[in-house]
Each structure stands twice: as C-alpha cells, then as structure tokens.
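2 protein chains.
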Amino acid sequence: MAANSRVAVAAHIVSVLAAKCDEFVSSQAIAGSVNTNPVVIRHILAALTRAGIVVSHEGKAGGSKLVKCPEDITLWDLSVALGEEHLFAVHKNPPNPKCAISCRMKETLGKAFASAERAAQAQLKKVSVKDLLAEVA
Amino acid sequence: MAANSRVAVAAHIVSVLAAKCDEFVSSQAIAGSVNTNPVVIRHILAALTRAGIVVSHEGKAGGSKLVKCPEDITLWDLSVALGEEHLFAVHKNPPNPKCAISCRMKETLGKAFASAERAAQAQLKKVSVKDLLAEVA
DNA sequence: TAAACTGTAACAAACTCGGTATCAGACAAG
DNA sequence: CTTGTCTGATACCGAGTTTGTTACAGTTTA
Chain A
95 MAANSRVAVA AHIVSVLAAK CDEFVSSQAI AGSVNTNPVV IRHILAALTR AGIVVSHEGK
155 AGGSKLVKCP EDITLWDLSV ALGEEHLFAV HKNPPNPKCA ISCRMKETLG KAFASAERAA
215 QAQLKKVSVK DLLAEVA
Chain B
95 MAANSRVAVA AHIVSVLAAK CDEFVSSQAI AGSVNTNPVV IRHILAALTR AGIVVSHEGK
155 AGGSKLVKCP EDITLWDLSV ALGEEHLFAV HKNPPNPKCA ISCRMKETLG KAFASAERAA
215 QAQLKKVSVK DLLAEVA
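Sequence lines, in order, name chains A and B. In the working numbering, each residue carries its 1-based index in the first sequence increased by 94. In the working numbering, each residue carries its 1-based index in the second sequence increased by 94.
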C-alpha cells in the first residue's frame, strides 16, 4: 500500500516535544530533527493541536509543546488525530445488480478488513510516546 | 492512508472464480461483476497467476480458474500476491546526525509498526475465500 | 479463416504526497 | 514602538500512484 508517513512524522514530532519537557519548541527546530521543511511540521502540528495533543504559541519565542503526558499519547491517538485510521480500502465501483456476489461482496470485505484494522489498532494503542522515547534512549 | 483497493478487487475476483467452481471465467465476465474494465481485472489476475493462486488459459473459450481450494486462499495470501503487505510507512528523510532522537526514531517506529502489521496479518489469515462466499450467500 | 480470449504496453485523468515560497498576524525583547 | 522571530494559512510544484482506457500481438477453438 502506498501508505503515507504522516503518522510516523507525527510520532517523531511528539517524541521531540516529549524530550524537551515543557519547553516551547519551534517548528524549525523540529524540522531540523525530522530533516524536512518547517511548513510540513506545522501542518501536522495543526492536526495535533485540533486533537488536543499539543498547544502552540505564536510570536517570538513561540513554538509548540505537549498538553498530555507522553505516556497518555499512543500511536493510535496520533493516527486518529491525522484521520489515518483506515488501513484498507474497498473498491467503490457500484455493484452489479445482476450478480449476487457483487451485491454483497463489498459489505463482507468491509467486515473482514474492519477486524484486521481493530487488531492493528489494539497494537498501536499499546505503544505510547513514552515507550518510543525509552526505546530510543 | 491512501490505501488502494486492489486487495479488495482481488478478493472479489477470487470469490467469483470460487463460485463458478472449475470453470474458466473470462476477464470480461469478472469485470461485469466488479463493474470495471477487463484490463484492470487481467492486471490483477496476472499477479494472482504469478502467486500460483489462479491459472489462465488463452484463446477462445479461455479464462481463469482457481488452482487452490477456496478454503486455502486467505486475504493475506492475496495481499502477498499483490505485494501489498505493508500498511505503514516511515518517513525516509535521512536522520539528522546531531539529534539522538532522529537517529533512532525510524528504527523504533519500524518495530512498533511491524507489530501492528503482524496483528492485522494474523486477522487476514483467518479469513478465507470460502468464508467470504459463505458470508455472501 | 473467423471469433473470442489473454497478455502487455502505452496513455490519460484524477488524486496524493512531500516540499517550497509567501504573506498576514502575533508577540517578546530591546 | 520598532524589530526580529515565530505561527497559521494558502497556494503551488513535481513526482508518483491509482484507476480506467485504447490498442495490438499472440493463442486457441470452432
């Protein structure tokens, strides 16, 4: 799957913020760690702000910092914050009414994929930002 | 995640073949059920053929049929056949050597994502084409 | 030989993704 | 109160992906 890496970048961002406990860190400094453009970072930070995970501060000496404790932020929370909770997609072609399989297949597949997504979700919920930092250190 | 729907289409294809037990079904007939173009079907069928899941037959009265029993084909087998086993991606920016987090983050995230993928994989392995057909019927 | 089919290549339209440039506005420091 | 630094937002680009389409050579049956 041509999955994007926004959840990974979000995890990186939040880890950097967690490491600099309670300081306001600029998007430029974070971008230095991720090795990308500050605007890319700010775009993801905006989603994390909407989700109540970080708070930002405009103006000189501004930046972002965590609102929640690192152990209360999981990879799943980041996925939800970015609207990336779906791992599988069902084709969206309208069903052929003449074919019984066609009429029910998408619904059936949806259930199967949903259970796989729940399994992955349970695993993502087990990994907190605190765990990531501990592993890195 | 901008997930594609090729695994879903593959599942649809294989279900149609399983329903028409041991007949050779043309890509056009399958396309009629999926409601798409025959070439799209043939492209996926090519991958399934390489994986030894179906066999095709050129010429008039040609088509494709299953090689394996429906209960021995799982959604995971289809994912592997299409090279779609990865659900998550880590950003590929080179790490910033001045930042300890940056140097280890990608590796750490890779492990976390791998465990989530394994969980989803285990679930996909539980669903066979026979199960899909039973659910549809 | 004619018809029906596969296999494959080439292409297009729509979309996604990561990156970049730019600008208004906030705000702290001097 | 001016200057410098920062966020937030928008717009844009190039590359790649996805799905669908057209076209055509080769195979097989009747």
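Each residue gets a CB set at the ideal place from its N, CA and C atoms; glycine is no exception. Computed from a predicted model, the values in this text were never measured in an experiment.
Residue contact check for I195 of chain A against chain B: a CB pair falls below 9 Å.
I138 of chain A and V149 of chain A have their C-alpha atoms spaced approximately 12 Å apart.
Separation of V134 of chain A and A104 of chain A (C-alpha to C-alpha, rounded to the nearest whole angstrom) is 10 Å.
Rounded to whole angstroms, the separation of the alpha carbons of R136 of chain B and V128 of chain A is 41 Å.
As summarised for the stretch 162 to 201 of chain B, the continuous alpha helix (DSSP H) elements at least 4 residues long and confined to that stretch are 169 to 175, given in chain order.
Beta-bridge pairing by DSSP links L160 of chain A to A:V148.
Ranked by how close their Cα comes to the Cα of P189 of chain B, the residues A:I124, A:E117, A:M199 have A:I124 in first place. For L181 of chain A, a Cβ of chain B is located within less than 9 Å of the residue's own Cβ.
By the 16-neighbour rule on beta-carbons within 10 angstroms, C193 of chain A is buried.
For T130 of chain A, the CB contacts under 8 Å within the same chain, skipping 5 residues up- and downstream, are V103 in chain order.
Look at S120 of chain B here: in three-state DSSP terms it is coil, with no helix or strand label.
Residue burial is scored here from C-beta neighbours: A155 of chain B has fewer than 16 other C-beta atoms within 10 angstroms and is therefore classed as exposed. Within its own chain, the residues whose Cβ lies closer than 7 Å to the Cβ of S196 of chain B, once the five positions on either side in sequence are excluded, are P189, N190, listed in chain order. For S222 of chain B, no chain A residue has a C-beta closer than 7 Å to its own C-beta; the minimum C-beta separation is roughly 10 Å. Using beta-carbon distances, L218 of chain B counts as an interface residue toward chain A, with a partner under 9 Å. Checking the DSSP bridge columns, you'll see S222 of chain B partnered with B:T168.
With a threshold of 9 Å between beta carbons, S209 of chain B makes contact with chain A. The C-beta of L139 of chain A comes no closer than 9 Å to any C-beta of chain B.
Boundaries of the alpha helix (DSSP H) around A104 of chain A: 100 to 113. The beta-carbon separation of L218 of chain A and A210 of chain B, rounded to 5 Å, stays under the 8 Å limit for a contact. At a cut-off of 9 Å, the C-beta of L142 of chain B has no neighbouring C-beta in chain A.
A Cβ-Cβ contact shorter than 9 Å links L227 of chain B with A112 of chain B.
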